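Trainee: For reference, the structure I am asking about is given below.
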Amino acid sequence: MSSSDRNPDIQQVTAAVAQLYDTYPFPPDPVLDQAPPGYNWRWSWPGAYGFCTDGKMPSIVAPRILDAGCGSGVSTEYLAHLNPQADLVAIDISAGTLAVAQERIARSQPNRNDRQISFHQLSLYDLDQIAGEFNLINCVGVLHHLADPVKGIQALAAKLAPGGLLHLFLYAEIGRWEIHLMQQAIALLSANQAQENPYQLGVKLGRQVFAALPAQNRLLQREKQRWALENHRDQCFADMYVHPQELSYRIDSLFELITASGLEFAGFSNPQVWQLEPLIGKDPELLKLAQGLPLQAQYQLIELLNTDIAHYEFFLYRSPLERLDLERDQVLIQSVPVLHPCIDGWESRTLFNPDYQVCNLSPSEFRFMQLATTGQTIEQILTESGLDLAVARSLLAQKLILLA
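Residues 13 to 416 (my numbering) make up the sequence shown, in order.
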């Protein structure tokens, strides 16, 4: 008997969530007969490891990766294509979405170098049924839909290998204020309505409400400004507004969850969002005061002032995880630079970095990146080219190279 079977609340919520995603497989991205477009460095084992270690390449070349709550397989597909040397396990509670995920992988045909991909209809609570540990676990948009998120994150932590990374995506309460109000409105209208599938009814009523609201209504305006582009698809609308189980966090409750996991916080994977300067930087005195706060208090201040933060995306790790000591020149010059696996446009002086931002390389940076494909140490590259170590530091800061 699984742990979910032993707890009636967990069993009921799990069944309701599975019914939602059987009705509306999510995400609704089209299934293609080719590789997915672009990349997401958070789903690249070297990219994620480099982010969490200030630029180190992982020593494990053939990692074991878990996609925990794979849905329709969008993340699984990227994980498969970005990590051809990894063994990959994908789980989900919905048979309907798993069928889409398996079709997606079969049709895009990632080059797996004889590595395995396996799918399992399974909840996070029952991860102990999967043998072994994982170097990278991806769990996006899952924990906040559990009846017991603490039990869920502890189940994930138990499967994380030493030095392994867990990437999470959780809802943020303040930025989803209007969403929560609409969820409650739809629930009120749906109550006591006889309908075989409550989610189809919820989508119908929700769309009627938005169509009926006055043009200047705050909920309607927020929907048009932020969510309407994706919510024209019923799968997205249902996931956002008629989900049977949802819990949103604030910074304090988020870090309580992290503490309960027993893992360490490596950082937000969208660090550009968590900066004080864009919010209060025009007042140097105020900025200095805020920067003197403990780091978690700084995060709290940012989410209070930036009400567009609707989710948290971040990495946790299991010790030991050694970061590069970038202050020591000797550490750098003895390292072997490699091009970051998630850049686009190379070989050119204008390219996209891992975050799809345009980078214009100087002649020195361009020359260094050319030599970074030769397997030489930074010391050898500098000796051969006459370049300065500052060039290597600049490329590291731009996340265009990693160091082995």
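Glycine included, C-beta positions come from ideal geometry on N, C-alpha and C. All figures in this text were calculated on a predicted structure; none of them were measured in a lab.
#1: What are the partner residues of A80, as DSSP defines its beta bridges?
#2: DSSP state of Q46, grouped into three classes?
#3: Under 8 Å between the Cβ atoms of I413 and P349?
#4: I'd like the list of long-range same chain contacts for Q287, defined as Cβ closer than 6 Å, with 5 residues on each side in sequence excluded.
#5: To the nearest angstrom, how far is it from the Cα of C151 to the Cα of P37?
#6: Do you know whose CA, among S130, I390 and P58, lies nearest A143's CA?
#7: Out of P161, R116, Q46 and G176, which has the shortest C-alpha to C-alpha gap to G62?
#8: Quick test of your reading: R124 and P161, contact by CB under 8 Å. State the CB separation rounded to the nearest angstrom.
#9: Quick one: grab the DSSP three-state call for S56.
#10: Just the Cα atoms here: how many angstroms apart are G187 and Q23?
#11: Short check: CB of F146 to CB of L78, under 8 Å?
#12: What first and last residue would you give for the alpha helix (DSSP H) that runs through E391?
#13: Need the endpoints of the alpha helix (DSSP H) that F364 sits in, please.
#14: DSSP on P256, reduced to helix/strand/coil?
#15: So with Cβ pairs under 8 Å, would you call T362 a contact of chain D?
#16: For P366, collect the residues of the same chain with a Cβ closer than 7 Å to its Cβ; drop the 5 residues on either side in sequence, then sort them by chain order.
#17: With H, G and I counted as helix, E and B as strand and the rest as coil, what does DSSP make of S376?
#18: Does A384 come out as helix, strand or coil in the three-state DSSP assignment?
#19: Look up V343 in the DSSP assignment and say whether it is helix, strand or coil.
#20: Who pairs with S130 in a beta bridge, going by DSSP?
#21: Count Cβ pairs between the segment 321-330 and the segment 277-284 that sit closer than 8 Å; are there 3 or more?
Mentor: According to the structure shown:
#1: Mapped onto the sequence shown, residue 80 falls at position 68. I103.
#2: As a position in the sequence shown, residue 46 is number 34, starting the count at 1. It is coil, neither helix nor strand.
#3: The count along the sequence shown starts at 1 and reaches residue 413 at position 401. The count along the sequence shown starts at 1 and reaches residue 349 at position 337. Yes, the Cβ-Cβ distance between I413 and P349 is below 8 Å.
#4: Locating residue 287 in the sequence shown gives position 275, where the first residue counts as 1. There are no such residues.
#5: Position 139 of the sequence shown holds residue 151. Position 25 of the sequence shown holds residue 37. Computed Cα separation, rounded: 17 Å.
#6: Locating residue 143 in the sequence shown gives position 131, where the first residue counts as 1. Minimum Cα distance to A143 is reached at S130.
#7: As a first step, residue 62 is located in the sequence shown; it is residue number 50 there, counting from the start. The shortest Cα separation from G62 among P161, R116, Q46 and G176 belongs to G176.
#8: Along the sequence shown, read from residue 1 onward, the residue named residue 124 stands at position 112. Along the sequence shown, read from residue 1 onward, the residue named residue 161 stands at position 149. For a cut-off of 8 Å, the C-beta gap from R124 to P161 is around 33 Å, too long to register as a contact.
#9: Your numbering for residue 56 matches position 44 in the sequence shown. In this structure, S56 counts as coil in the three-state DSSP scheme.
#10: Reading the sequence shown from its first residue, position 175 is the one you call residue 187. Reading the sequence shown from its first residue, position 11 is the one you call residue 23. Cα-Cα distance, rounded: 30 Å.
#11: One-based indexing of the sequence shown puts residue 146 at position 134. One-based indexing of the sequence shown puts residue 78 at position 66. Cβ atoms of F146 and L78: closer than 8 Å.
#12: The sequence position of residue 391 within the sequence shown is 379, counting from 1. For E391, the enclosing alpha helix (DSSP H) stretches over residues I390 to S397.
#13: For the purposes of this step, residue 364 is identified with residue 352 of the sequence shown, where counting begins at 1. F364 -> not in any alpha helix (DSSP H); beta strand (DSSP E) instead, spanning T362 to F364.
#14: Working through the sequence shown from its first residue, we reach residue 256 at position 244. The answer is coil: DSSP assigns P256 none of H, G, I, E or B.
#15: Absence of chain D from the displayed structure is noted, only one protein chain being present.
#16: Within the sequence shown, numbered from 1, the residue matching residue 366 stands at position 354. Same-chain partners within the cutoff: W53, G59, H352, C354, I355 and K411.
#17: On the sequence shown, position 364 is the one that residue 376 refers to. Three-state DSSP puts S376 in a helix.
#18: For the purposes of this step, residue 384 is taken as the residue at position 372 of the sequence shown. Correct three-state label for A384: coil.
#19: Along the sequence shown, read from residue 1 onward, the residue named residue 343 stands at position 331. Looking at V343 - three-state DSSP - the assignment turns out to be helix.
#20: Locating residue 130 in the sequence shown gives position 118, where the first residue counts as 1. Answer is V101, bridged to S130.
#21: yes
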